[in-house]
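Numbering-wise (UniProt numbering), the sequence shown opens with residue 1 and increments by one.
Below is one structure; the comments refer to it alone.
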Amino acid sequence: MQGILYEESSFLLFLLVTCIMGGWAAWMTGRAVALIWAPVWQAVFYLLVLAGGVRFIHFALFHGTLLSLHYYIVDAIVLLVIGLTGFRYTRTRQMTTQYRWLYERTGPLTWREKGSG
Numbered sequence: 001m002q003g004i005l006y007e008e009s010s011f012l013l014f015l016l017v018t019c020i021m022g023g024w025a026a027w028m029t030g031r032a033v034a035l036i037w038a039p040v041w042q043a044v045f046y047l048l049v050l051a052g053g054v055r056f057i058h059f060a061l062f063h064g065t066l067l068s069l070h071y072y073i074v075d076a077i078v079l080l081v082i083g084l085t086g087f088r089y090t091r092t093r094q095m096t097t098q099y100r101w102l103y104e105r106t107g108p109l110t111w112r113e114k115g116s117g
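So this is what it looks like as structure tokens:
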């Protein structure tokens with residue numbers, strides 16, 4: 001997988017920088033956008049900017065390639081998945097607590113109208 005998903009000599013560096021550090025920041029970004037009731041496209045925009053920041057961490061700390069479209073896309077996909085999951089999780093919690101007479105939670109990422117189903 002080295003060369004496809006990550007360019008560092010160790011998978012642990014990719015896991016640490018992109019998945020753990022970047023993933024935490026992505027989750028918090030998605031959560032923050034959902035908490036202010038902003039639309040999902042704003043979360044996508046902020047997560048793409050965050051992917052550039054993660055790419056810079058790879059470059060500055062581990063001598064990775066800064067301007068690599070391939071690795072930027074890999075980082076962006078990982079961050080988008082984690083960040084949009086955080087957005088949806090928070091939005092589900094918001095909808096089912098603030099409008100508890102209208103909606104009920106059907107899973108960690110989904111809700112439905114009460115009485116339908």
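By construction, the Cβ of each residue, glycine as well, lies at the ideal position given by its N, Cα and C atoms.
Owing to the predicted nature of the structure, the values given are computational and were not obtained by experimental measurement.
In the three-state DSSP reduction, tryptophan 111 falls in the strand class (E or B). Leucine 66 and valine 78 have their C-alpha atoms spaced approximately 17 Å apart.
In the DSSP secondary-structure assignment, tyrosine 71 is not bridged to any residue.
By the neighbour-count definition (other C-beta atoms within 10 Å, threshold 16), arginine 100 is an exposed residue. In this structure, threonine 92 keeps its C-beta atom at 8 Å or more from the C-beta atom of glutamate 104. Measuring C-alpha to C-alpha distances from glycine 86 to each of Ala76, Leu16, Leu35 and Thr18 identifies Leu35 as the nearest. Within the UniProt domain "DUF6867" (10-114), the runs of alpha helix (DSSP H) at least 4 residues long that lie entirely inside it are, in chain order, 11-14, 23-35, 40-62 and 69-98.
Taking the CA atoms as reference points, glycine 52 sits about 12 Å from alanine 26. The beta carbon of glutamate 113 sits closer than 7 Å to the beta carbons of Leu102 and Tyr103 from its chain, once the five residues preceding and following it are set aside; these are given in chain order.
Nearest neighbour of tyrosine 72 by Cα position, chosen from Val49, Tyr89 and Arg88, turns out to be Val49. Here cysteine 19 has Val78 as same chain residues with Cβ atoms under 7 Å from its own Cβ, once five neighbours each way along the sequence are excluded.
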